[in-house]
Amino acid sequence: MDVQPVFAALADPTRREVLRRLSAGSASATELAAQLPISRQAVAKHLSALSAAGLVERHPAGRDVRYTVTPAPLAEAVRWMGEVGGAWDSRLQRLRSLVE
Amino acid sequence: MDTDPQVERSLELPVSPRKVWEYLTDGALLGEWFGGEVTIEPVEGGAVSFDDHRGGLRRGEVEQVEEARLLVWTWSDDQRLSRVEFRLTPTVAGSRLTVLETLIPWEFHHFEPLLLHQQQPFNRGPMALV
Numbered sequence: 000m001d002v003q004p005v006f007a008a009l010a011d012p013t014r015r016e017v018l019r020r021l022s023a024g025s026a027s028a029t030e031l032a033a034q035l036p037i038s039r040q041a042v043a044k045h046l047s048a049l050s051a052a053g054l055v056e057r058h059p060a061g062r063d064v065r066y067t068v069t070p071a072p073l074a075e076a077v078r079w080m081g082e083v084g085g086a087w088d089s090r091l092q093r094l095r096s097l098v099e
Numbered sequence: 000m001d002t003d004p005q006v007e008r009s010l011e012l013p014v015s016p017r018k019v020w021e022y023l024t025d026g027a028l029l030g031e032w033f034g035g036e037v038t039i040e041p042v043e044g045g046a047v048s049f050d051d052h053r054g055g056l057r058r059g060e061v062e063q064v065e066e067a068r069l070l071v072w073t074w075s076d077d078q079r080l081s082r083v084e085f086r087l088t089p090t091v092a093g094s095r096l097t098v099l100e101t102l103i104p105w106e107f108h109h110f111e112p113l114l115l116h117q118q119q120p121f122n123r124g125p126m127a128l129v
């Protein structure tokens, strides 16, 4: 993932808010505009920037386009949980043997 | 946020909460079960550091302390920031230790090292991302 567009995309608080809402489920530009205090046009521009940065994906669905957060971060979260869970299992096992 | 990645583990131990608390708040004892070298100032705002002697270094800050009941710190390597909560409850056989580690929202701190150059970071005192 190229870093500079990502940085620029995340530097804007409205775009961070769009990303936060999309991580709860897919949405169209119209739906997002209904939830945010900005125009549909402004939302579309933000989605365009997020898409260019590889942070969201476009899914054309008839006349509408729905957006989702790119799966990579989700895979990242799953990987994190596996790694961290494993680390705690080891630590707690050692703690048990120290304490008993 | 409910969607933040989180890991929880529980451990039953045959000793009192007060005894387990020593293993949470003494650097030398922490080092024995974490592995490597650990320093901790077990007070709110105190610093923590973990060096696993294999190139892994984490530093962070203690957020909450309730003697023999609750210890919370946030820590970070150069990529991830997370919060660790230890809860201790007495049981018939001794104590239950529950650990909860929560990844602080990925969309920020995944790129936080970049943003640090541009603005004040978390303002959390002795946090230096290596």
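Protein sequences, first through last, are from chains A and B.
Read in numbering that gives the first Met the number 0, the first sequence has 69 at position 70, and its numbers run on one by one without any break.
Read in numbering that gives the first Met the number 0, the second sequence has 44 at position 45, and its numbers run on one by one without any break.
Note that the Cβ used here is the ideal one computed from N, Cα and C, for glycine as well.
What does the alpha-carbon distance come out to for the pair R79 of chain B and V68 of chain A?
19 Å
Going residue by residue through the stretch 23–77 of chain A, where are the continuous beta strand (DSSP E) segments of at least 3 residues, counting only ones entirely within it?
55–60 and 63–68
Look at the alpha carbon of Y22 of chain B and the alpha carbon of R53 of chain B, and state the distance between them as a whole number of angstroms.
22 Å
For the stretch 5–56 of chain B, list the beta strand (DSSP E) runs that are entirely contained and at least 3 residues long, ordered along the chain.
5–12, 36–39 and 46–50
In terms of alpha-carbon separation, which member of B:V91, B:R95 and B:D76 lies closest to F85 of chain B?
B:R95
Would DSSP call E99 of chain A helix, strand or coil?
coil
Buried or exposed (CB count within 10 angstroms, at least 16 for buried), P36 of chain A
exposed
I need the DSSP call for Q92 of chain A, collapsed to helix, strand or coil.
helix
Short Cβ contact (9 Å threshold) for T97 of chain B with R68 of chain B:
no
What's the gap between the Cα of T73 of chain B and the Cα of E62 of chain B?
7 Å
Taking the Cβ atom as the reference point for each residue, do A52 of chain A and A8 of chain A lie within a distance shorter than 9 Å?
yes
Closest Cα partner of E65 of chain B within the set B:V6, B:T24, B:L102 and B:S15:
B:T24
What does D19 of chain B touch in chain A if you count any residue whose Cβ is under 9 Å from its own?
According to the sequence as given, residue 19 of chain B is Val; it is not Asp. Here the neighbours are L94 and V98.
Are at least three pairs of beta-carbons, each pair with one atom in the stretch 26–34 of chain B and one in the stretch 4–13 of chain B, less than 8 Å apart?
no
Within the same chain, show all residues whose beta-carbon is closer than 7 Å to that of D51 of chain B, passing over the 5 residues directly before and after it, in chain order.
G34 and G35
Name the one or two DSSP bridge partners that Q63 of chain B has.
B:V71
Return no unless some Cβ of chain A is closer than 9 Å to the Cβ of V6 of chain B.
yes
According to DSSP, is G85 of chain A part of a helix, a strand, or is it coil?
helix
For the beta strand (DSSP E) that R14 of chain A lies in, which residues bound it at each end?
First-last for R14 of chain A: P12 to L21, but that is the alpha helix (DSSP H), not the beta strand (DSSP E).
Please report the distance separating the alpha-carbon of L99 of chain B from that of R90 of chain A.
13 Å
In the DSSP assignment, find the unbroken beta strand (DSSP E) run with V91 of chain B in it and report its ends.
Premise fails: V91 of chain B is in no beta strand (DSSP E) and is neither H nor E.
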